[in-house]
Amino acid sequence: MYRYDEFDHAFVSSRVEQFRDQVGRRLSGELAEDAFKPLRLMNGVYLQLHAYMLRVAIPYGTLNARQMRMLAYIARKYDRGYGHFTTRQNIQYNWPKLSELPDALADLATVEMHALQTSGNCIRNVTADHFAGAAADEVADPRPYAEILRQWSSVHPEFSFLPRKFKIAVTGAERDRAAIQVHDIGLHLKKNETGEIGFAVYVGGGQGRTPMVAKKIRDFLPEEDLLSYTTAIMRVYNLHGRRDNKYKARIKILVHETGAEELARQVEVEFAELKNTELKLPEKDIAAITAYFAPPALASRAEGWASLAQWKKADADFARWVQHNVHPHKHPDYASVTISLKPIGGIPGDATDAQMEAVADIAEEYAFDEIRVSHEQNLILPHVALADLEPIYRGLVAAGLETANAGLITDIIACPGLDYCALANARSIPVAQEISARFGSAERQAEIGELKIKISGCINACGHHHVGHIGLLGVEKKGEELYQITLGGSGDENTSIGEIIGRGFEPEKVTDAIEVIVDTYLGLRLDPSETFLTAYRRVGPQPFKDALYGDKTAAAA
Amino acid sequence: MADKVLTANRLSDGISVWLDASGNWNEQLQAAFVARHKEAVDALEATGKQAFADNKVVDVNVVDVEGVDGVLRPLRMRERIRAAGPTIAYAAGYAGLTATAAPAA
Numbered sequence: 001m002y003r004y005d006e007f008d009h010a011f012v013s014s015r016v017e018q019f020r021d022q023v024g025r026r027l028s029g030e031l032a033e034d035a036f037k038p039l040r041l042m043n044g045v046y047l048q049l050h051a052y053m054l055r056v057a058i059p060y061g062t063l064n065a066r067q068m069r070m071l072a073y074i075a076r077k078y079d080r081g082y083g084h085f086t087t088r089q090n091i092q093y094n095w096p097k098l099s100e101l102p103d104a105l106a107d108l109a110t111v112e113m114h115a116l117q118t119s120g121n122c123i124r125n126v127t128a129d130h131f132a133g134a135a136a137d138e139v140a141d142p143r144p145y146a147e148i149l150r151q152w153s154s155v156h157p158e159f160s161f162l163p164r165k166f167k168i169a170v171t172g173a174e175r176d177r178a179a180i181q182v183h184d185i186g187l188h189l190k191k192n193e194t195g196e197i198g199f200a201v202y203v204g205g206g207q208g209r210t211p212m213v214a215k216k217i218r219d220f221l222p223e224e225d226l227l228s229y230t231t232a233i234m235r236v237y238n239l240h241g242r243r244d245n246k247y248k249a250r251i252k253i254l255v256h257e258t259g260a261e262e263l264a265r266q267v268e269v270e271f272a273e274l275k276n277t278e279l280k281l282p283e284k285d286i287a288a289i290t291a292y293f294a295p296p297a298l299a300s301r302a303e304g305w306a307s308l309a310q311w312k313k314a315d316a317d318f319a320r321w322v323q324h325n326v327h328p329h330k331h332p333d334y335a336s337v338t339i340s341l342k343p344i345g346g347i348p349g350d351a352t353d354a355q356m357e358a359v360a361d362i363a364e365e366y367a368f369d370e371i372r373v374s375h376e377q378n379l380i381l382p383h384v385a386l387a388d389l390e391p392i393y394r395g396l397v398a399a400g401l402e403t404a405n406a407g408l409i410t411d412i413i414a415c416p417g418l419d420y421c422a423l424a425n426a427r428s429i430p431v432a433q434e435i436s437a438r439f440g441s442a443e444r445q446a447e448i449g450e451l452k453i454k455i456s457g458c459i460n461a462c463g464h465h466h467v468g469h470i471g472l473l474g475v476e477k478k479g480e481e482l483y484q485i486t487l488g489g490s491g492d493e494n495t496s497i498g499e500i501i502g503r504g505f506e507p508e509k510v511t512d513a514i515e516v517i518v519d520t521y522l523g524l525r526l527d528p529s530e531t532f533l534t535a536y537r538r539v540g541p542q543p544f545k546d547a548l549y550g551d552k553t554a555a556a557a
Numbered sequence: 001m002a003d004k005v006l007t008a009n010r011l012s013d014g015i016s017v018w019l020d021a022s023g024n025w026n027e028q029l030q031a032a033f034v035a036r037h038k039e040a041v042d043a044l045e046a047t048g049k050q051a052f053a054d055n056k057v058v059d060v061n062v063v064d065v066e067g068v069d070g071v072l073r074p075l076r077m078r079e080r081i082r083a084a085g086p087t088i089a090y091a092a093g094y095a096g097l098t099a100t101a102a103p104a105a
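These protein sequence lines are chains C and D, in that order. Per full-length UniProt numbering, residue 1 is the first one in the first sequence, and the count goes up by one each step. Per full-length UniProt numbering, residue 1 is the first one in the second sequence, and the count goes up by one each step.
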């Protein structure tokens, strides 16, 4: 993974000291809140319902054991012993004191971490496929390009005060695990017919109040043009993006109002000016960054195949975990492991300090010191020998991290919701917990198969409800919580925005409604291999509306 | 007019607080001073503005409450959760702050 050079160390340390001075002046009263608020936000510090919240960047979701241990330490020393991994591949702490935050950031800096650009109208943490560098279906590792974008976009003077926040995602495989089509810019790393590396470029995707699927404006952008073309997009957005209306300020609105074709033309005009400038990426620079992400030396471990078969035969729980949480690796003797942060009835994305340390220990001993955070709020060990799966599983069992549900109905994404968030209108976590408990039986989950439920506590859609196979949006109606259900959303290579199915459900009725939807699906699917999403796309919403509301009139109410 | 209390978040640690009858910021909603007429609400708002200006608290708001069996209950769920804390068992095994050594960097 990328290692800080002297400049990086000096820069991050200087920002910590700058923030320490700002916090000191705020606490002494020298700085007023209006002046301080943008400064704290630039350092990832929000004010939520109960306390401040610190959002720490985990670039493209990649970290090592030393960094994970520091995240555990931050949780223990400055918070209440846990952290919340987010859909942006970051981690949030819910209870830090403002007065202690400079110390927390100084501790993070010792392991090359920070909270810069995790808030504000700038280019946020660049996200990537959580199986990057390991997946069997990958063309190339997207992380070197994400890192190049990170370096270019960090305190970029031209793009630090954009009309609105800006999110970039990169995937290196045909199977999109980074949800690139619901990002401001989505980059699909691919090879052209002559074997050269480049990108299909998508622009203007996003969720929130006005969900939009991104438009492809380039089929193939050579890798050397990554920064010049991205700069061209940013310039068009910075110039024409709506600054008059916060709700229309994202690039998706600009793309929608301008039209993808015209926007692409404007980008090409800018690009023509920039193409042969210092933004052109030299091959040696790409190679230098790529070298940081060289895969570990994976020795042949063919003995794992036989061992794995024996272990699976001897332990049904282990076999189930392998079935759901182990993903194919480029190397046939290896796999990528999903460590579910979705215990049955638990809080999606939360991990205690002890669990973080357990993951760090396992990663160090068995997984080449590599850990990822997925946008689905799980942790990943990207490189694991099949021969080590059993001891890893035992370690996870000891830490309460062995839930075998990756991609299943209890692998629910949920934002913090009204339990923490100052913007939320309704709670997300208790809804996720109740659904998880209802469908928690291993047999029932296996029968249902792949089904992604995503829950947001407000229209900002941090819980990605628009792209949930089943999406839940919490709203406040007459002072009470109400949950609107959408069906048919998807955040993969066939991205779609879910359709609102009808009137919303009260908190005590929403799990029953989910059960009706699931039972309807089980009743109409062609066979067990037809997933919920495939079945929904085949039959449309009507059978589900009929089952939920009895007749068409009620659904329209 | 609904009864009202003054709430904010303490500047130094962000913890939710309510203004009590002694003019102190208290971590318990139940200790809050309740304004039952316009003049009292005006006084609350003035106190809130001053406390904000004095850099003691941030995000100052007057919120509606009702008394139920002698217990103050905010009308909005948001404020009920602010007062009572998250509705979930969020910190399993958390034993309070303890001095711990930083991991080797």
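All residues carry an ideal CB built from backbone N, CA and C; glycine is no exception.
A check of alpha carbon separations from proline 163/C across Asp219/C, Asn238/C, Tyr202/C, Leu221/C identifies Asn238/C as the nearest. Within 9 Å of the CB of isoleucine 497/C, no CB atom of chain D is found; the nearest one sits about 28 Å away. For glycine 67/D, the enclosing beta strand (DSSP E) starts and ends at 57-68.
Annotation: the region 81-111 of chain C contains the following complete segments of the beta strand (DSSP E) (minimum length 3 residues), in chain order: 82-85, 91-93.
Not one beta carbon of chain D lies nearer than 7 Å to the beta carbon of leucine 451/C. For proline 38/C, no beta strand (DSSP E) segment is defined; the enclosing uninterrupted segment is the alpha helix (DSSP H) at 33-42.
Taking a C-beta distance under 7 Å as the contact criterion, proline 541/C and threonine 520/C do not qualify as a contact pair. Every unbroken stretch of the alpha helix (DSSP H) spanning 4 or more residues and falling wholly within the region 17-54 of chain D is given here in chain order: 38-53. Taking all protein chains in view, the Cβ of histidine 37/D is surrounded by fewer than 16 other Cβ atoms within 10 Å, so the residue is classified as exposed. Along the region 72-96 of chain C, the positions whose C-beta sits under 7 Å from a C-beta of chain D are Tyr73, Arg76, Lys77, Arg80, Gly81, Tyr82, read in chain order. Taking C-beta atoms under 8 Å as the contact rule, arginine 82/D and leucine 49/C qualify, at a distance of about 5 Å. Residues of chain C whose Cβ lies closer than 7 Å to the Cβ of alanine 91/D are, in chain order, Arg80, Gly81, Tyr82.
Closer than 8 Å at the C-beta level to chain C, one finds these residues of the region 9-20 of chain D: Asn9, Leu11, Ser12, Asp13, Gly14, Ile15, Ser16. Taking 7 Å as the CB threshold, threonine 87/D lines the interface with chain C. Contact annotation: the region 492-500 of chain C touches the region 461-469 of chain C, with at least three C-beta pairs closer than 8 Å. For isoleucine 168/C, the closest Cβ of chain D is not nearer than 7 Å.
Rounded to whole angstroms, the separation of the alpha carbons of leucine 108/C and isoleucine 168/C is 24 Å. In this model, isoleucine 344/C and alanine 385/C are separated by some 27 Å (Cα to Cα). Look at the region 70-81 of chain D: the residues with a C-beta under 7 Å from a C-beta of chain C are Leu75, Arg76, Met77, Arg78, Ile81. Taking the Cα positions, phenylalanine 85/C is about 10 Å away from valine 56/C. Short of 8 Å from the beta carbon of alanine 437/C, and not among the five residues preceding or following it, lie these beta carbons of its own chain, in chain order: Ile344, Gly345.
Under the Cβ distance rule, aspartate 42/D does not count among the residues neighbouring chain C, no pair being separated by less than 7 Å.
The DSSP-derived three-state label of tyrosine 52/C is strand. Using beta-carbon distances, serine 119/C does not count as an interface residue toward chain D, since no partner is under 7 Å.
Under the 10 Å beta carbon count, lysine 49/D is surrounded by fewer than 16 other beta carbons and is classified as exposed. Beta-bridge pairing by DSSP links glutamate 262/C to no other residue. Below the 7 Å Cβ cutoff, chain C contributes Leu47 as neighbours of aspartate 59/D, in chain order.
Between leucine 263/C and leucine 274/C, the beta carbon gap of about 16 Å keeps them out of contact (Cβ cut-off 8 Å). The beta carbon of glutamate 376/C lies closer than 7 Å to those of Asp411, Ile413 in the same chain, with the five residues before and after it left out. Segment contact: the region 84-104 of chain C against the region 3-19 of chain D, three or more CB-CB distances shorter than 8 Å; contact assigned. Setting aside the 5 residues that flank it on each side, arginine 150/C is surrounded in the same chain by Pro59, Val126, each with a C-beta closer than 6 Å to its C-beta; the list follows chain order.
Using beta-carbon distances, asparagine 55/D counts as an interface residue toward chain C, with a partner under 7 Å. Annotated as proximal: leucine 401/C and isoleucine 339/C, with beta-carbon spacing under 7 Å. For tyrosine 60/C, the secondary structure class from DSSP, reduced to helix, strand or coil, is helix. According to the DSSP assignment, glycine 395/C belongs to the alpha helix (DSSP H) that extends over 389-398. By the rule that beta-carbons nearer than 7 Å mark a contact, leucine 189/C does not touch chain D.
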